[in-house]
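Going left to right, the sequence shown walks through residues 425 to 962 as our numbering numbers them.
Since the structure comes first, as structure tokens, the remarks are kept for the end.
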Amino acid sequence: MRLELQSITKRFGSFTANEDIDLVVEPGQIHCLLGENGAGKSTLMNVLYGLYRPTEGRILVDGSEVSFKGPGDAMAAGIGMVHQHFMLVPVFTVAENVALGAESTRGGALDLETTRRRIREISHRYGFHVDPDAVVEDLPVGVQQRVEIIKALVREAEVLILDEPTAVLTPKETDELLRIMRELRESGKSILFISHKLREVKEVSDVITVIRRGRVVGQTSPEASTSELAALMVGRDVSLTVAKDEAEPGECALDVSGLTVVGDNGVKLLDDVSFQVARGEILAVAGVQGNGQTELAEAILGLRERATGSVRLAGKELLGRSVRQVLDAGVGFVPEDRSTDGLVGPFTVSENLVLDLYGDDRFSRGPSLRRGEIAANARRAVEQFDVRTPSIDAPVQTLSGGNQQKVVIARELSRPLELLVASQPTRGVDVGSIEFIHEQIVAERDKGVPVLIVSTELDEVYALADRIAVFFHGRIMGVVGPGTPRDVLGQMMAGATAEEVLGGAQRHGHPHGTGHGATDPQDPNPQDPNPQDTKEQA
């Protein structure tokens, strides 16, 4: 199926989200729409899927003009869409979710068996490995995404829109999705791939169209360099590496000792974890998602009740204190899931920027909020952190995912901190914003703030880390320097200790693990190894 957009314009009042956009998707093609957060990518796809009516322009399918009054019309025309935030009912099974909205019956009863058979056929054809009777809330995020793709394929979609499909995926899940996309292309399906991640775009796309501030600014091939693509996206040259001086760590500020977290089922999610973070350094926690990193951040913040051990900040115990008390102790926290733990969607941008500051004298007087000060704070933060929003009074849920993340970052870095804990700080954020957020994190380090970063993106770990703690099954396998080769980190993330991988090589840094590649806690001046030496030892 050939899909063509001609001169599409979409306005919301005086705001123009898309302006005069032309786009062609050929049969059996992966066509990437690349752009910054807030560039208008998702708006354009919502127009194509019938969620919005275009203000101007035409949509053509196989040369014939079509008009969509809703997603049902788009699906009937052979267009399916997988949204960035999945449209699944968590307590329903896979088969029930796939059948929803297109239910078939037999003898007056719901016919789920036909749906189960179609799911098995599609799952087998594309290597999805999805159980039709599994409950959606029990499935990993990557498998839930496959369910969304199956929903579209069951409805015989010929063009599949994937809106920021890797924003919530681990690296392994991302690689699996890219494989699935290639399989779909080989079977003759067309894919509109919405993204701002340059590596993935270059790896899987046939054609790349770049959109900036609502307009198409160029079309290129995946052979274009990442620097060229980044410059097209942002409208200026973008540094793809983090410029930072060598860390000058001071005294130990965060001392985590014997931290153990037990889940509701009695299983240890963190097992006797110990490490330290000095003032003026960044410790990055690396590991495959689900190996205890989330529980570590939550325990430090006071979100985990079944936690034992010690978490001391500047000599004061945090474990056992309330979240409010931890925040008041100067801890800044960027959660890994901004929509669930970082923002209140219906609240305005200005209100979200003071969610953990509303008790401050600047923003309240007794029981009354000082709306003028809250608005002035929001205007400063929006400008400083380049938050793309039509208004500081807009509900934060109306912003793109990356701009929502910038609201969280702006809030947490807009007050004096004694510790910054950031989980997946640039998840769903474009290259220009990544550059800015990384600069802000390094600036906090250079102020003497201890920084703990949790990230599944190895590029980010290497870019920011002064030292790297590798997690596996709730334990630290070792703390190593940023010159450690990727294959060494990969083996540690799969369960090998630093000693096993490095063969007894010199360990890096003063913080220690739990007998798994433990480092010397008495060494006040950790020195990283020469990267070449490390590679040879590995």
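Glycine residues also receive a C-beta, built at the ideal position from the N, C-alpha and C atoms.
What you are looking at is a predicted structure, and each value in this text was computed from that prediction instead of being measured.
Minimum C-alpha distance to residue i - residue among the options
i	options	result
Ile865	Ile454, Gln569, Ala708	Ala708
Lys871	Leu841, Ser879, Leu882	Leu841
Ile706	Glu719, Glu859, Cys676	Cys676
Pro963	Arg623, Phe809, Val518, Gly690	Residue coverage of the chain in this structure runs from 425 to 962, which leaves residue 963 outside it and unanswerable.
Glu797	Arg549, Met901, Val811, Tyr782	Tyr782
Glu610	Lys692, Pro451, Lys575	Pro451
Asp761	Thr822, Pro849, Asp785	Pro849
Arg812	Gln430, Gly464, Val680, Ile432	Gly464
Met657	Ile503, Ile618, Asn470, Ile604	Ile618
Met425	Asn715, Ile604, Ala581, Thr539	Ala581
Asp630	Gly739, Gln430, Gly856, Leu458	Leu458
Leu593	Leu793, Ser681, Arg477, Pro564	Pro564
Arg639	Gly462, Ala576, Glu652	Gly462
Leu608	Ser547, Lys668, Thr644	Ser547
Thr718	Ile632, Thr908, Leu876, Gly856	Leu876
Leu524	Tyr476, Gly744, Asp555, Ile574	Ile574
Gln700	Val820, Ile900, Val625	Ile900
Ala1044	Ser734, Gly739, Asp688, Val691	No information on residue 1044 is available, as it lies outside the stretch 425 to 962 that the chain covers here.
Gly566	Leu779, Ala918, Asp780, Gly714	Gly714
Tyr550	Val578, Asp562, Leu536	Val578
Gly502	Pro478, Glu527, Arg530, Leu472	Leu472
Leu777	Arg660, Ala818, Ser792	Ala818
Asp497	Thr479, Asn470, Pro514, Gly481	Asn470
Leu468	Asn801, Arg636, Glu652	Arg636
Ile858	Ala802, His620, Gly919	His620
Thr732	Arg660, Lys692, Arg482, Gly674	Lys692
Cys456	Val554, Ala526, Ser614	Ser614
Asp890	Arg530, Asp669, Ala500	Asp669
Val583	Thr598, Gly790, Leu616, Phe436	Leu616
Beta-carbon separation (whole angstroms), residue i vs residue j, contact threshold 8 Å
i	j	result
Phe439	Pro814	5 Å
Val885	Leu844	Actually they are not in contact, since the Cβ atoms of Val885 and Leu844 sit about 16 Å apart, beyond 8 Å.
Leu678	Leu694	In fact, because the Cβ distance is near 15 Å, the residues do not count as touching under 8 Å.
Val712	Lys596	7 Å
Val634	Val641	5 Å
Glu480	Thr433	4 Å
Spatial neighbours of residue i in its chain, beta-carbon cut-off 7 Å, leaving aside the 5 residues before and after
i	result
Val666	His862, Val866, Ala887, Leu888
Gly967	The first residue shown for the chain is 425 and the last is 962, placing residue 967 beyond what the model contains.
Gln568	Phe510, Leu512, Val560
Glu672	Gly704
Arg728	Val685, Glu719, Glu722
Pro478	Ile432, Thr433, Lys434, Val471
Arg803	Ile816
Within 9 Å, strictly: CB atoms of residue i and residue j
i	j	result
Val747	Gly726	yes
Ser788	Ile816	no
Val894	Ala723	no
Leu534	Asn521	no
Leu737	Val758	no
Gln915	Val904	no
Ile585	Gly474	no
Leu837	Glu881	no
Val518	Asp557	yes
Ile454	Ser431	no
Ile632	Thr650	no
Val806	Ala834	yes
Gln808	Gly769	no
Glu443	Asp854	no
Leu536	Leu484	no
Gly898	Gly690	no
Lys626	Ala648	yes
Phe896	Gly927	no
Arg570	Phe552	yes
6 Å CB neighbourhood of residue i in its chain, flanking five on each side removed
i	result
Arg730	Val686
Arg603	none
Arg606	none
Gly766	Pro759, Val832
Val448	Glu428
Ser528	Asp535, Thr538
Arg786	Glu797
Cut-off 8 Å between Cβ atoms - residues of its own chain near residue i, not counting five sequence neighbours on either side
i	result
Glu572	Val506, His507, Phe510, Met511, Leu512
Ser734	Asp679, Val680, Ser681, Gly682, Leu683, Glu741, Leu743
Phe516	Leu524, Val559, Val560
Phe771	Leu779, Pro819, Val820
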